[in-house]
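Colleague: Per our numbering, residue 158 is the first one in the sequence shown, and the count goes up by one each step.
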Amino acid sequence: MSTETPDRDAFSTPLALALLLALGLVVLPLAQARFGLWEPWETTWAEIARAMRESGEWFNPQLGGRAAPRSLLTIWLIGLGQALGGGAEWLMRFPMGLAVTGGGVALFAWLREPFGDRRGFIAALAAMTCPQIVLSATTLAGNGVFVGLFMAIVAVYGLLVGRAADNRPVWLQALLAALLGLAVLSWGLWGLFLPLALAVALGLTQLAEGDPEAETPRGVLIGATAGALALTAGLLGWGAWQEWNPKASQILMGSVPGALLLAGVVATHRTPAMKALGKVGAGLCLALPLGAAALMASMYGGDAGGAQGFAAFELLLENHLATSNALPRHVTFDFWVRQVGFAAFPWVLLGPFGLILMVRPDEGANNPPMPPADASLRPLAPLDSGRLVALWFIVSALVIGVLGTLHERYLFPGIGALGVAGALMLTDDALWQRLRSRPLRVRVMGFAMVLMALFLCKDLDRYPKELLGPLLTDGSLELPESFSYGASLKVMRYAIMGAIAVFTFSVASTAIRWYRRLIKKQPTEAQLAQAREHLPSPTTGDEPNPIIEADIRAHTEGHLGTGLRLLEVPSRFALLFAVLALAFTVLMGFHWVPKLSNHLTLKGLIDTYQERDPGGEQPLYTYQMGTPNTSYYLSGYEPITLTKLKSQFKDESRFFMIFPRDRLGSLNYEIRRSGKPRRNVHVIDDSSSRFLLASNILGEGETEMSPIAHAIVDGKPKPAISTIFKDAKGVRQYPQFDGRVQMIGVEVYHTDEVDRWGNPTPEAQARLQALLKEGKLPSFRLGEVMVMRYYFKVLKRVSSSYQIFLHVDYPGNRINGDHHPVDGTFTTNHWIPGDYVVDTQRLLVDHGSNVGRYTMYMGFFLGSRRMKVTPRSAHDGQNRVNLGQVEITRF
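Structure, rendered in structure tokens:
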């Protein structure tokens, strides 16, 4: 880590502030307004805030009349947004973005002092563009208030630590105390414990490194350590003895960390790290827990509260001054590793190397750090700043790791440190000059970063919901298999990987050198050296004159080569990487998260309803959505029963309804069998994978989006391949399954020949019929998708939900296609006698399959039982109907 004198003229402070404020106050609010509140991850916060405003219970958040432990400060700010904006989503989220913006500006104000304006700006930008911090700033689910507050706390504390002992303004210490107080309101006691643990850890490193201003007698260290261990052991023993007591775990939750931190404060009280807190901060650290306990005791005292033993202390921890759990399952190590990767991308590619640099700076006894340009700073300010960044991540990881294991907390406030560490390393020109003298080390780093980018992006492509990370850890979100971020993610992946490769492998220099030598026949390095000898004043000292060197390069390589070489200059590449990170953030906030949010919020369905009925004359009902009070967006809309729905469908007046997506099959079955003529539930908005907006009438210009409506055919279909067999008497018959379902035929197409629902174009049908008439087989290449369409007539009621099996067989190889009809939305127990049903299946031809002619067999099964096929000639002895053959080719 370079500690050279910062160059304050290299970058404009007003410009840096303007860019950070533009990101926080313009870009983030625009992203906040692009999607509705996630149900229930955000709407719970909004409902609690609304209930608090209505009841006036400002210190007692409730949901549905029951206590709902949540951050008080966040709830207050959401309530303020509701009061100002009448429920506008972006106004409720605006305080989250404002807090993160304040944290980013504070980081810049801190880091510019030891590292300079340019490096400080890129580091602050790196923290603000980490995906989890962006999500915290644009949603209510990530506690963005505490994320921003903790960034500001680290920054203000860093400013105080970096200042000389006689130059620590009281107002700055008072600001730190105020921020610590707000942190307690936004993340409970851990909002105080975490910054204190960070200060203690920095103090211990100052002692270990022999900081001249850090003097603590050995006896104090030994005594504090022994006392902490003894007190902790005593508390744990008491907890084991009081295992029956429900309050014991709560007491231990607050007292054990407090005991350890108290010992740390005693051991480091004479270090610059602890002195930087000042009397105001130290006093607040003691006063806040006592004051909160007194507040709780006064509010909830008496017979039900504080007068009962440790009840006040319990309330302090269980109420909103200490967060409740947000994870329903145990948090594992691999979960945190994966989430850190997504949460800080792309800065996580650089962050681990940056953290190593912060922990193990290159300065030593023979290379003392240069004094800062500002005399008000301590000589070791750059070193302390680097250590503080590293400890920011390490302490957060340890604390949250313990909380995630024991108490299932989900917030990880150390993500910003990864971005800051990576940015500080990337902008350290002196470091890269030394590293470039050992090219192999740089190549290894580049290879590791490219691999991390490849694996993380591929993982994100396979599991797209992981982008939202710990914000959705309950696992209740299931995205459609077809969901994808599209080409934009691939573009970002290759752009980031390419940029890293160019920088670390000197791709531009190598390509230019080969091009000039082999094609343009330009001078070699030896000829360049000879050219330098004839130039006036070619060198300054032992190093080449950079201006004259640039002239030589420009003359021999041209403007393109000179421009490409800028990508290999650390300061220029750092700006490029920051732009790529910002582009990733913009894509995430304006494209990927809104796309994901279609499956998380009801707002899109409500908006569609209001577009279809601007005047509100046609009612909107909710079906099997719980009570109106349990949904933020459905409050005020009438729930409807199945009996009333059946009656409404017989009426010609139009109405709308919202219901869970997995209820479509059963609902459509009940509606179809209850009336004549049979009618379907018409889906008009299926953008959510969890809920549907439907109506009893399909309006003019509206498109049917119900897969069941597309699967039910009016009149007898005429498939291209008829499945007709002769029975023992020579009578031609369609095969039947248990005498309940009759198979009429089958068709097979390529994906570009069918629409979303599997319906083939007339041209595709004509091509298939002509192909079969010529005696040829449908042909598919390895890696292609076969679109199978099965045509059935329902003869009798099927009481169970059977699956369809498809065996595409070749000697020694099988392509298997077991599936529920119509992607599971239209199960066989919802088929009504007399209906014609078409099931569409998309089947991938695996690249490992053999080439040749495959025979297709199908049937119905439930567990180990298969439906019996009649007549006997229609199956192969295993109740499998022969559907014909297809050709699988390699090319």
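Glycine is no exception: its CB is placed at the ideal position from the N, C-alpha and C atoms.
The structure displayed is predicted, hence computed values, not measured ones.
(1) By the DSSP assignment, the beta strand (DSSP E) with I797 in it spans what residues?
(2) Can you list, in chain order, the residues of its chain with a C-beta nearer than 8 angstroms to that of V556? Leave out the 5 residues immediately preceding and following it.
(3) Would you mind giving the Cβ-Cβ distance between F265 and A173, rounded to the nearest angstrom? I have them listed as a contact below 8 angstroms.
(4) Would you kindly report the start and end of the unbroken alpha helix (DSSP H) that includes E920?
(5) Could you give the residue range of the beta strand (DSSP E) that holds E1044?
(6) What are the boundary residues of the beta strand (DSSP E) that P817 is part of?
(7) Please work out which residues of its chain come closer than 6 angstroms, Cβ to Cβ, to F730, disregarding the five sequence neighbours upstream and downstream, and give them in chain order.
(8) Alpha carbon to alpha carbon, how far is C614 from R650? Give it in angstroms, no decimals.
(9) Mind checking which residues open and close the beta strand (DSSP E) that includes Q899?
(10) For W328, collect the residues of the same chain with a Cβ closer than 8 angstroms to its Cβ; drop the 5 residues on either side in sequence, then sort them by chain order.
(11) Look at V302 and M253 and say whether their C-beta atoms are less than 8 angstroms apart.
(12) Return the CA-CA distance between N1007 and G974, expressed in angstroms with no decimal places.
(13) Taking its Cβ as the centre, do 16 or more other Cβ atoms sit within 10 Å of W195, making it buried, or is it exposed?
(14) Could you say which of R223, T982, L317, M1015 lies nearest to P637 if we only look at CA atoms?
(15) Buried or exposed for E199, please, with buried defined as at least 16 other CB atoms from any protein chain shown within 10 angstroms of its CB.
(16) By how many angstroms is the C-alpha of V607 removed from the C-alpha of I657?
(17) Give every residue of the same chain whose Cβ lies closer than 8 angstroms to the Cβ of R889, excluding the five residues on either side of it in the sequence, and list them in chain order.
(18) Could you give the first and the last residue of the continuous alpha helix (DSSP H) run that contains D764?
(19) Would you tell me roughly how many angstroms separate the C-alpha atoms of Y642 and V648, rounded to the nearest one?
(20) On a CA-only basis, which of V994, S846, V601 is nearest K873? Give me that one, please.
(21) Using a 10 Å radius around the Cβ and a threshold of 16 neighbouring Cβ atoms, would you call R1047 buried or exposed?
(22) For Q219, name the three-state secondary structure that DSSP assigns.
(23) Give the DSSP-derived three-state secondary structure of R954 in the structure shown.
(24) Determine, using beta carbons only, whether P892 and V1043 come nearer to each other than 8 angstroms.
(25) Going straight from the alpha carbon of V497 to that of H1004, what length do you get?
(26) Can you check whether the CB of Y314 is closer than 8 angstroms to the CB of A340?
(27) Taking the straight line between their C-alpha atoms, what separation do you get for F192 and T295?
(28) Could you check where the alpha helix (DSSP H) with H976 kicks off and where it finishes?
(29) Could you tell me which of L182, L548, M285, A358 sits nearest to L417, measuring between CA atoms?
(30) Ignore the nearest five residues each way along the sequence and tell me which others in L512's own chain have a CB closer than 7 angstroms to its CB.
(31) Take H976 as the anchor and find which of T908, D996, L220 has the nearest alpha-carbon.
(32) So is A877 buried or exposed if we call it buried at 16+ other beta carbons inside 10 Å?
(33) Could you please give me the residues that DSSP links to F730 through a beta bridge?
(34) Hey, T984 and G822: beta-carbon distance below 8 angstroms or not?
(35) Looking at Y1011 and I1045, is the spacing between their C-beta atoms short of 8 angstroms?
(36) Could you tell me the boundaries of the alpha helix (DSSP H) in which V291 lies?
Modeller: With the structure as the only source:
(1) As a first step, residue 797 is located in the sequence shown; it is residue number 640 there, counting from the start. It is not in any beta strand (DSSP E) - I797 carries neither H nor E in the DSSP assignment.
(2) Locating residue 556 in the sequence shown gives position 399, counting from the first residue. Counting only Cβ-Cβ distances below 8 angstroms, and skipping sequence neighbours, we find W347, F350, L351, A354.
(3) As a working mapping, residue 265 is identified with position 108 in the sequence shown. As a working mapping, residue 173 is identified with position 16 in the sequence shown. With 8 angstroms as the limit, F265 and A173 qualify as a contact, their Cβ atoms being about 6 angstroms apart.
(4) The sequence position of residue 920 within the sequence shown is 763, counting from 1. That run of the alpha helix (DSSP H) goes 919-930.
(5) One-based indexing of the sequence shown puts residue 1044 at position 887. It spans 1038-1046 - the beta strand (DSSP E) in which E1044 sits, taken as one unbroken run.
(6) On the sequence shown, position 660 is the one that residue 817 refers to. Residue range 813-817 is occupied by the beta strand (DSSP E) that includes P817.
(7) Taking the first residue of the sequence shown as 1, we reach residue 730 at position 573. Contacts found: F660, L724.
(8) Position 493 of the sequence shown, counting from 1, holds the residue named residue 650. Position 457 of the sequence shown, counting from 1, holds the residue named residue 614. Using only the alpha carbons, I get a separation of about 6 angstroms.
(9) As a working note, residue 899 is residue 742 in the sequence shown. Residues 898-907.
(10) Here residue 328 refers to the residue found at position 171 of the sequence shown. Counting only Cβ-Cβ distances below 8 angstroms, and skipping sequence neighbours, we find nothing.
(11) Position 145 of the sequence shown, counted from the first residue, corresponds to residue 302. Position 96 of the sequence shown, counted from the first residue, corresponds to residue 253. Their beta carbons are under 8 angstroms apart, which means V302 touches M253 by this criterion.
(12) Locating residue 1007 in the sequence shown gives position 850, counting from the first residue. Locating residue 974 in the sequence shown gives position 817, counting from the first residue. The straight-line gap from Cα to Cα measures roughly 17 angstroms.
(13) Walking along the sequence shown from the start, residue 195 turns up at place 38. Counting Cβ neighbours within 10 Å, W195 comes out buried, since at least 16 surround it.
(14) Counted from its first residue, the sequence shown places residue 637 at position 480. P637 has its Cα closest to that of T982, out of R223, T982, L317, M1015.
(15) Walking along the sequence shown from the start, residue 199 turns up at place 42. Buried, by the Cβ-count rule.
(16) Here residue 657 is taken as the residue at index 500 of the sequence shown, counted from 1. Here residue 607 is taken as the residue at index 450 of the sequence shown, counted from 1. Taking the straight line joining both Cα atoms gives about 7 angstroms.
(17) Counting from one through the sequence shown, the residue named residue 889 turns up at place 732. Around R889: I881, F882, K883.
(18) Start at 1 with the first residue of the sequence shown, and residue 764 comes out as number 607. First-last of the alpha helix (DSSP H) with D764: 760-769.
(19) For the purposes of this step, residue 642 is identified with residue 485 of the sequence shown, where counting begins at 1. For the purposes of this step, residue 648 is identified with residue 491 of the sequence shown, where counting begins at 1. Between Y642 and V648, the C-alpha separation is close to 11 angstroms.
(20) Your numbering for residue 873 matches position 716 in the sequence shown. Across the set V994, S846, V601, the C-alpha of V994 shows the shortest separation from the C-alpha of K873.
(21) Position 890 of the sequence shown, counted from the first residue, corresponds to residue 1047. Exposed, since its Cβ has fewer than 16 Cβ neighbours within 10 Å.
(22) As a working note, residue 219 is residue 62 in the sequence shown. The answer is strand: DSSP assigns Q219 an E or B state.
(23) Position 797 of the sequence shown holds residue 954. Looking at R954 - three-state DSSP - the assignment turns out to be coil, as it is neither helix nor strand.
(24) What you label residue 892 is simply residue 735 of the sequence shown in a count that begins at 1. What you label residue 1043 is simply residue 886 of the sequence shown in a count that begins at 1. No, these two residues do not count as a Cβ contact at 8 angstroms.
(25) Stepping through the sequence shown from its first residue, residue 497 is reached at position 340. Stepping through the sequence shown from its first residue, residue 1004 is reached at position 847. Rounded to whole angstroms, V497 to H1004 spans 34 angstroms at the Cα level.
(26) On the sequence shown, position 183 is the one that residue 340 refers to. On the sequence shown, position 157 is the one that residue 314 refers to. For A340 and Y314, no; Cβs fall outside 8 angstroms.
(27) Mapped onto the sequence shown, residue 192 falls at position 35. Mapped onto the sequence shown, residue 295 falls at position 138. Approximately 10 angstroms between the Cα atoms of the pair.
(28) As a first step, residue 976 must be located in the sequence shown, where it is residue number 819. Element bounds for H976: n/a, residue is neither H nor E.
(29) Taking the first residue of the sequence shown as position 1, residue 417 is located at position 260. Taking only the C-alpha atoms, the option nearest L417 is A358.
(30) Working through the sequence shown from its first residue, we reach residue 512 at position 355. Closer than 7 angstroms at Cβ, skipping near neighbours: A547, F550, A578.
(31) Counting from 1 along the sequence shown, the entry for residue 976 is found at position 819. Here the closest residue by C-alpha is D996.
(32) One-based indexing of the sequence shown puts residue 877 at position 720. Buried is the call here.
(33) Here residue 730 refers to the residue found at position 573 of the sequence shown. In the DSSP output, where bridge partners are listed per residue, F730 has none listed.
(34) For the purposes of this step, residue 984 is identified with residue 827 of the sequence shown, where counting begins at 1. For the purposes of this step, residue 822 is identified with residue 665 of the sequence shown, where counting begins at 1. It is a contact, given that the beta carbons lie within the stated cut-off.
(35) As a first step, residue 1045 must be located in the sequence shown, where it is residue number 888. As a first step, residue 1011 must be located in the sequence shown, where it is residue number 854. Result yes, Cβ atoms of I1045 and Y1011 sit closer than 8 angstroms.
(36) Here residue 291 corresponds to residue number 134 of the sequence shown, with the count starting at 1. Where V291 is concerned, the enclosing alpha helix (DSSP H) stretches over 288-295.
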